[in-house]
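Undergrad: Got a structure for you, questions after.
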Amino acid sequence: MIEILSATELRRARGTGAVVAQILQTLKGRSTAGTNLLDIDRWAKEMITEAGAMSCYVDYAPSFGRGPFGHYICTSVNDAVLHGRPHDYTLADGDLLSLDLAVSTSGVVADSAISFVVGDAPAPESVALIDATERALRAGIAVAGPGIRIGDISHAIGSVLHEAGYPINTEFGGHGVGSTMHQDPHVSNTGRPGRGYRLRPGLLLALEPWVMADTADLVTDADGWTLRSATGCRTAHGEHTIAITDHGADVLTLLQQSD
């Protein structure tokens, strides 16, 4: 299903995006050496509740997971890259942490992910991984707009990741959002330009480039959810929800700076 939102629904989507952005940045600030992943999940629950939002993860039970997910945020550490299920793990200096959050307010979903290194001395490999995903995300957003095809976004993202030297997995990627978290169209992290669905104003897309340092192969944890690099290498993940407008694309999950 592909949803095209009305002007009223787009205004709601902007509010949802602001909630997601604020929660993620608050959690990033709290995620220091000695922080337990279960504390991050608890804080996420508290902030979602305070915002009057609903978690998209707690009852999430897709065919690829061992559902329901049962937590409020995805916490992926080091070699974990997607769907990291919070568990009893204490962060250490140098850990590469990805936080992925999706919530719904007023019937509209926004979805975003950030990756960062815990502590003050990140390893160059971790910095390079995060930088590549952030640049790929910016490239995908830059080409998005009415009349553009999904393949144009995939090509822009993939070009950055390929140039950085990272293998690209195409099992999981970006997707449409709206009244639910995962919708069509699928947005692969590499592809051919000029192919696929043509974007229309009112469409919401969650773009999410992610990479693993030396492999494109994933393995699934015993928890049935957490996806890790098959070689144990480090990983990174970035994601923003964007709204296609008459003039381009607006990023809904950027933290708004106060004056």
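Numbering (UniProt numbering), first residue to last: 1 to 259. Ideal Cβ placement from N, Cα and C applies to all residues, glycine included.
(1) For D131, I'd like the list of residues in its chain whose CB is within less than 7 angstroms of its CB, leaving aside the five on either flank, ordered along the chain.
(2) Short of 6 angstroms in beta carbon distance, which residues of its chain neighbour G17, apart from the five on each side in sequence? Order them along the chain.
(3) In chain order, which alpha helix (DSSP H) runs of at least 4 residues are fully inside the stretch 65 to 122?
(4) Taking 8 angstroms as the threshold (C-beta atoms), are A102 and M47 in contact?
(5) Return helix, strand or coil for T180, following the three-state DSSP convention.
(6) Flag this pair as yes or no: are the beta carbons of T235 and V118 separated by less than 8 angstroms?
(7) Among the residues of its own chain, which have a CB less than 6 angstroms from the CB of N169, if the five just before and after it don't count?
(8) Here's the rule I'm using: 16 or more other beta-carbon atoms within 10 Å means buried, otherwise exposed. How should F64 be labelled?
(9) Within its chain, find whatever has a CB closer than 7 angstroms to the CB of L27; leave out the 5 residues flanking it on each side and keep chain order.
(10) I need the straight-line Cα distance from R12 to E208, nearest angstrom please.
(11) Ordered along the chain, which non-local residues of its own chain (more than five positions away) have a Cβ less than 7 angstroms from that of Q22?
(12) Which of the three DSSP states, helix, strand or coil, is assigned to I150?
(13) For W43, does the three-state DSSP call read helix, strand or coil?
(14) Measuring straight from C-alpha to C-alpha, what distance separates N36 and L96?
(15) Give me the DSSP bridge partner(s) of R228.
(16) Note down, in chain order, each residue of its chain lying with its Cβ closer than 6 angstroms to the Cβ of A51, except the 5 sequence neighbours on either side.
(17) Would you mind reading off the limits of the beta strand (DSSP E) that contains T235?
(18) Closer than 8 angstroms by C-beta to S258: which residues in its own chain qualify, once you throw out the five before and the five after it? Chain order, please.
(19) Could you check how far apart the C-beta atoms of G140 and I153 are, in whole angstroms? I think they sit under 8 angstroms.
(20) Considering only residues of the same chain and omitting the five flanking positions on each side of G196, which have a CB-CB separation below 7 angstroms?
(21) For R198, which three-state DSSP category applies?
(22) Candidates P146, A243, V77: which alpha carbon is nearest A206's?
(23) Using the Cβ count rule (16 or more neighbours within 10 Å means buried), how would you classify S6?
(24) Can you give me the C-alpha to C-alpha distance between T190 and G67, rounded to a whole angstrom?
(25) Name the residue from A33, N78, E9, P62 whose alpha carbon lies nearest to the alpha carbon of T231.
(26) Work out the CA separation of V143 and P193 for me, nearest whole Å.
(27) Just to confirm before moving on: does the CB-CB distance between L204 and G145 stay below 8 angstroms?
TA: Per the coordinate set shown:
(1) Translated into the one-based positions of the sequence shown, residue 131 becomes position 131. Closer than 7 angstroms at the Cβ level, and outside the excluded window around D131, lies no residue.
(2) By 1-based counting over the sequence shown, the position of residue 17 is 17. Same-chain partners within the cutoff: A110, T241, L252, T253.
(3) none
(4) By 1-based counting over the sequence shown, the position of residue 47 is 47. By 1-based counting over the sequence shown, the position of residue 102 is 102. No, Cβ-Cβ distance for M47 and A102 is not below 8 angstroms.
(5) Walking along the sequence shown from the start, residue 180 turns up at place 180. Residue state, collapsed to three classes: coil.
(6) Here residue 235 refers to the residue found at position 235 when the sequence shown is read from its first residue. Here residue 118 refers to the residue found at position 118 when the sequence shown is read from its first residue. Their beta carbons are not under 8 angstroms apart, which means T235 does not touch V118 by this criterion.
(7) If you number the sequence shown from 1, residue 169 lands on position 169. Closer than 6 angstroms at the Cβ level, and outside the excluded window around N169, lie A216.
(8) Here residue 64 refers to the residue found at position 64 when the sequence shown is read from its first residue. Burial call: exposed.
(9) Along the sequence shown, one-based indexing puts residue 27 at 27. Excluding positions up to five away in sequence, the list reads I40, W43, A44, L99.
(10) If you number the sequence shown from 1, residue 12 lands on position 12. If you number the sequence shown from 1, residue 208 lands on position 208. Approximately 22 angstroms, taken between the alpha carbons.
(11) In the sequence shown, counting from the first residue as 1, residue 22 sits at position 22. L255.
(12) Along the sequence shown, read from residue 1 onward, the residue named residue 150 stands at position 150. Helix at I150.
(13) The sequence position of residue 43 within the sequence shown is 43, counting from 1. Three-state result, W43: helix.
(14) Within the sequence shown, numbered from 1, the residue matching residue 36 stands at position 36. Within the sequence shown, numbered from 1, the residue matching residue 96 stands at position 96. In a straight line, the C-alpha of N36 is about 14 angstroms away from that of L96.
(15) Translated into positions along the sequence shown, residue 228 becomes position 228. Per DSSP, A80, V219.
(16) As a working note, residue 51 is residue 51 in the sequence shown. Counting only Cβ-Cβ distances below 6 angstroms, and skipping sequence neighbours, we find V19.
(17) Taking the sequence shown and counting its residues from 1, the one referred to as residue 235 is at position 235. Segment 235 to 237, the beta strand (DSSP E) holding T235.
(18) Walking along the sequence shown from the start, residue 258 turns up at place 258. Confidence at S258 is low in this model, with a pLDDT of 45, below 50, so its placement is unreliable and the value that follows should be read with caution. Answer for S258: no residue qualifies.
(19) For the purposes of this step, residue 140 is taken as residue 140 along the sequence shown, with counting starting at 1. For the purposes of this step, residue 153 is taken as residue 153 along the sequence shown, with counting starting at 1. Yes, they are in contact, since the Cβ atoms of G140 and I153 sit about 5 angstroms apart, within 8 angstroms.
(20) As a first step, residue 196 is located in the sequence shown; it is residue number 196 there, counting from the start. Here the set comprises R149, I150, G151, P185.
(21) Translated into positions along the sequence shown, residue 198 becomes position 198. Strand.
(22) The residue you call residue 206 lines up with position 206 of the sequence shown. Here the closest residue by C-alpha is A243.
(23) Working through the sequence shown from its first residue, we reach residue 6 at position 6. Result: exposed.
(24) Residue mapping note: residue 190 aligns to position 190 of the sequence shown, counting from 1. Residue mapping note: residue 67 aligns to position 67 of the sequence shown, counting from 1. Going from the Cα of T190 to the Cα of G67 covers about 28 angstroms.
(25) Taking the first residue of the sequence shown as position 1, residue 231 is located at position 231. It is N78.
(26) For the purposes of this step, residue 193 is taken as residue 193 along the sequence shown, with counting starting at 1. For the purposes of this step, residue 143 is taken as residue 143 along the sequence shown, with counting starting at 1. In a straight line, the C-alpha of P193 is about 11 angstroms away from that of V143.
(27) Within the sequence shown, numbered from 1, the residue matching residue 204 stands at position 204. Within the sequence shown, numbered from 1, the residue matching residue 145 stands at position 145. For L204 and G145, no; Cβs fall outside 8 angstroms.
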